[in-house]
Each structure stands twice: as C-alpha cells, then as structure tokens.
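Colleague: Counting in full-length UniProt numbering, the sequence shown runs from 1 upward without gaps. Glycine residues also receive a C-beta, built at the ideal position from the N, C-alpha and C atoms.
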Amino acid sequence: MELFRSAKVVRLKSHHDKYLLADDDEEHVLQERNAATSKASRWTVEPSPASPSVLRLKSCFGRYLTATSEPFLLGMTGRKVLQTLPSRLDSAVEWEPIRDGFQVRLKTRYGQFLRANSGLPPWRNSITHDIPHRTSTQDWVLWDVEIVEIRTDADSGIWDDPDRPLPPPPPPMTGRMDSDSMSMDESSSSFSGSPHKSDGRTIYYVIAEDNGSVDNSEEHSFSFKGTSVAELTEKLEEETELSSIIVCTKNPLNGQLCPLRLHLPPNNSTMHVVVVQSSSKVAKTFNRPQNPL
Numbered sequence: 001m002e003l004f005r006s007a008k009v010v011r012l013k014s015h016h017d018k019y020l021l022a023d024d025d026e027e028h029v030l031q032e033r034n035a036a037t038s039k040a041s042r043w044t045v046e047p048s049p050a051s052p053s054v055l056r057l058k059s060c061f062g063r064y065l066t067a068t069s070e071p072f073l074l075g076m077t078g079r080k081v082l083q084t085l086p087s088r089l090d091s092a093v094e095w096e097p098i099r100d101g102f103q104v105r106l107k108t109r110y111g112q113f114l115r116a117n118s119g120l121p122p123w124r125n126s127i128t129h130d131i132p133h134r135t136s137t138q139d140w141v142l143w144d145v146e147i148v149e150i151r152t153d154a155d156s157g158i159w160d161d162p163d164r165p166l167p168p169p170p171p172p173m174t175g176r177m178d179s180d181s182m183s184m185d186e187s188s189s190s191f192s193g194s195p196h197k198s199d200g201r202t203i204y205y206v207i208a209e210d211n212g213s214v215d216n217s218e219e220h221s222f223s224f225k226g227t228s229v230a231e232l233t234e235k236l237e238e239e240t241e242l243s244s245i246i247v248c249t250k251n252p253l254n255g256q257l258c259p260l261r262l263h264l265p266p267n268n269s270t271m272h273v274v275v276v277q278s279s280s281k282v283a284k285t286f287n288r289p290q291n292p293l
C-alpha cells in the first residue's frame, strides 16, 4: 500500500512494458505500449472505507476497474476485467496492493491477481484476473506504479489516520527470484536458499501470427532440461496453452520459418524458436520440401 499512499492518480505499467488503459467504449480495459501521455492510462486512486489495505481505481471515464466473474474465454481460468459503475461499490471494485520489490501485485478480494496477458489474439493486450500457475507467466501479474498526481492533505482521508496500524508486509513472491531457471515445484520451496542454476538450456520463444509474422517484443523464455524435439514441443504446448503446434526456427538470412524436425543443438546451447499453430496458413507451406535442420 505504501506505493499508493501518497498517490491521487497513477499509471500502471505491466511486465510487457505496456500501460493499463481504459478503452474508449467505457467498458473494456487493455494494455498498450507508448501510452503514457494518454488520459486513458490515468487511474484515480480511492481508498476503501471498508479497509485501509484495499483501494479502488477509477478510470478517466469515472468508471471503476472491476474484477468480474465472467470467463474471458470459455474453458479458461482467466476472468474478465472491465470498467463499470455499479449502483453499490462492492468487493468487485476493490484491489489489495501487495508489494513485490519495487512493483506490486493487485489482488482481488477472492485471491486472484490483475494480469496482463500476452500471446496470440484474443489474449494479446488483454487484461484478466487469474492465479498464475506457470513459472513463465508469474511476472504477468506484476505492475510498475507511476505516480502522476500527488494526494494533498485534503484528499488523504482515511490513509492519513496516524493511529491506524499498517498491514504486515506480505511474503515475497518466490517466482521472481529466477523465474527462468526454477520449476513450479522449486519456486514454492527454495526462496530461502541461493538462486537455483538450471542444468538445462534456456528456450526463448515467440508465437507466430497466422501468416507467420512474429513480434519479437512478445518473446518469453523458460528453462528446458529435455533432449528431444518431441519433449520441447510438449513443453511449449504446456507453456503456451496451445495444442497441435509446430516448433520452428527462423532462417537469419531470409526470415523464413523452418520446422525443427530432427534434433536439438548440442551442449545445451540457448535456442530461439517460433511456435506455429498447425492450423495456420504458414503451417500449410511446411508440406513443401524443407532443408532438414
């Protein structure tokens, strides 16, 4: 809460270096890069009279950032985050800031976190509330807080009560130690020790568009200890939550995508790969003769 205590208006920047924005339709929220000057990136901070440890965030349209119970996509765990103006301000518009170093996680009253998504549409640039289950996405619930306007004495209200005790600091989020080199099981138990060094290789991946184009700014990574293309494919399906994918490399000379078919490079060398959905247009071109890797 300390990061918000003196703030009247803030901007929130996601792990993907994109700002949380209120859509012009006055209903949806999204994230966008290079939007610091947009009024839609400004959120007014309101302390909740119910508890000093929670707050509300109001958009430039006067509507509240709201954690709904509606699934973002059927069958997925993430739920929609909207801007609403309910007749009664209930717990759906309340967020508990949990400090994590110089960043915060914003937790709903039901234990889920405001999450900035990445990947293919409709996930790209979307905002949901969820609990991150994979090491590679744990940082997606971390936000930088940029204070735009300072709270004056007249605005301070409930947060200015000197006799009100502050909530105890939360335990650190273990996944931030070394999210690329710890498995989920390790991250939950090894924070007190030294950072874990993986015996495997680092895989950097990006998900291709239907036509094969890629946005390298959407690249993610994880540590991989497998030895075969089949194992890597299975791990990438787990990381991306996609099924029936083709793992490709990108030819540095002509930019063409080439399926990885035979083996992985030796000596656990770092790899940069492109994930292609088998139903995409570009995947159909892979039926043509390819030079084996």
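1. With distance defined between alpha-carbon atoms, name the residue in M271, T37 and V141 nearest to V148.
2. With distances taken from CA atoms, which of L30, I98, V274 and G255 is nearest T128?
3. In terms of alpha-carbon separation, which member of K58, A50 and K284 lies closest to R109?
4. Which residues does DSSP list as the beta-bridge partners of C248?
5. Just to confirm, are V274 and K235 a CB contact at a threshold of 8 Å?
6. Can you give me the C-alpha to C-alpha distance between M271 and R42, rounded to a whole angstrom?
7. Reducing DSSP to helix, strand and coil, say where Q138 ends up.
8. Contact between the segment 253-273 and the segment 106-122: three or more CB pairs below 8 Å?
9. I need the straight-line Cα distance from P52 to R5, nearest angstrom please.
10. In the structure shown, what three-state DSSP assignment does K18 receive?
11. Can you name, in chain order, every residue of its own chain whose Cβ lies under 8 Å from the Cβ of V81, other than the five neighbours on each side?
12. Excluding sequence positions up to five away, which residues of its chain have a Cβ less than 6 Å from the Cβ of P259?
13. Which term fits E231, buried or exposed, when burial requires 16 or more other beta carbons within 10 angstroms of its beta carbon?
14. When DSSP labels each residue in this structure, what does S217 get in the three-state scheme?
15. Which residues share a DSSP beta bridge with V10?
16. Kindly indicate the opening and closing residues of the alpha helix (DSSP H) around V229.
17. Give every residue of the same chain whose Cβ lies closer than 7 Å to the Cβ of F224, excluding the five residues on either side of it in the sequence, and list them in chain order.
18. Distance check for D100 and S91, CA to CA, integer angstroms please.
19. What are the boundary residues of the beta strand (DSSP E) that F113 is part of?
20. With a cut-off of 8 Å on the beta carbons, I'd call L257 and V282 a contact; round off their distance for me.
21. For M141, collect the residues of the same chain with a Cβ closer than 7 Å to its Cβ; drop the 5 residues on either side in sequence, then sort them by chain order.
22. Leaving out the 5 sequence neighbours to the left and right, which residues in its chain are closer than 8 Å to V9 when beta-carbon positions are compared?
23. K18 CB to nearest chain B CB: under 8 Å?
24. Rounded to the nearest angstrom, what separates P165 and K39 at their Cα positions?
25. Could you tell me the alpha carbon to alpha carbon distance between S14 and S279, rounded to whole angstroms?
26. Any idea which residues DSSP pairs T66 with across the strands?
27. So, is E96 buried or exposed, given that buried needs 16 or more other C-beta atoms within 10 angstroms?
28. Among K284, A22 and R63, which one has its Cα closest to the Cα of N211?
Modeller: On the basis of the data shown:
1. With distances taken between Cα atoms, V148 lies closest to T37.
2. Answer by Cα proximity: L30.
3. Distance from the Cα of R109 is smallest, within the candidate group K58, A50 and K284, for A50.
4. DSSP, once it has assigned bridges, lists P259 and V274 as partnering C248.
5. V274 places its beta carbon 8 Å or farther from that of K235.
6. Computed Cα separation, rounded: 39 Å.
7. Here Q138 sits in helix by DSSP.
8. Output reads no: the segment 106-122 does not touch the segment 253-273.
9. A straight line joining the alpha-carbon of P52 with that of R5 spans about 10 Å.
10. Three-state DSSP puts K18 in coil, outside helix and strand.
11. For V81, where only same-chain residues beyond five positions count, the Cβ hits under 8 Å are V29, L65, T66, A67, T68, L114, I127, T128 and H129.
12. These residues qualify, in order along the chain: I246, C248 and F286.
13. The residue in question, E231, is exposed, as its Cβ has fewer than 16 Cβ neighbours within 10 Å.
14. Under the three-state reduction of DSSP, S217 is assigned to helix.
15. In DSSP, V10 forms a bridge with W43 and I147.
16. Element bounds for V229: V229 to T240.
17. Correct list, in chain order: G200, R201, I203, L232 and K235.
18. Taking the straight line joining both Cα atoms gives about 23 Å.
19. Taken as a continuous stretch (DSSP letters only), the beta strand (DSSP E) holding F113 covers F113 to A116.
20. Going by Cβ atoms, the distance from L257 to V282 rounds to 6 Å, so yes, they are a contact pair.
21. For the sequence presented, residue 141 should be read as Val rather than Met. Closer than 7 Å at the Cβ level, and outside the excluded window around V141, lie R105, F113, L114, R115 and P132.
22. Excluding positions up to five away in sequence, the list reads R42, W43, T44, V45, I147, V148 and E149.
23. Protein chains in the displayed structure number just one, and chain B is not present.
24. Summary for P165: the model assigns pLDDT 47, below 50, so the residue's position carries little reliability; its value from the coordinates is reported in the next sentence. C-alpha separation (whole angstroms): 34 Å.
25. For the pair S14 and S279, the Cα-to-Cα distance works out to about 31 Å.
26. Bridge partners of T66: L82.
27. Under a 10 Å Cβ-count criterion, E96 is classified as buried, with 16 or more other Cβ atoms of the shown protein chains found around its own Cβ.
28. When only C-alpha atoms are compared, the closest one is K284.
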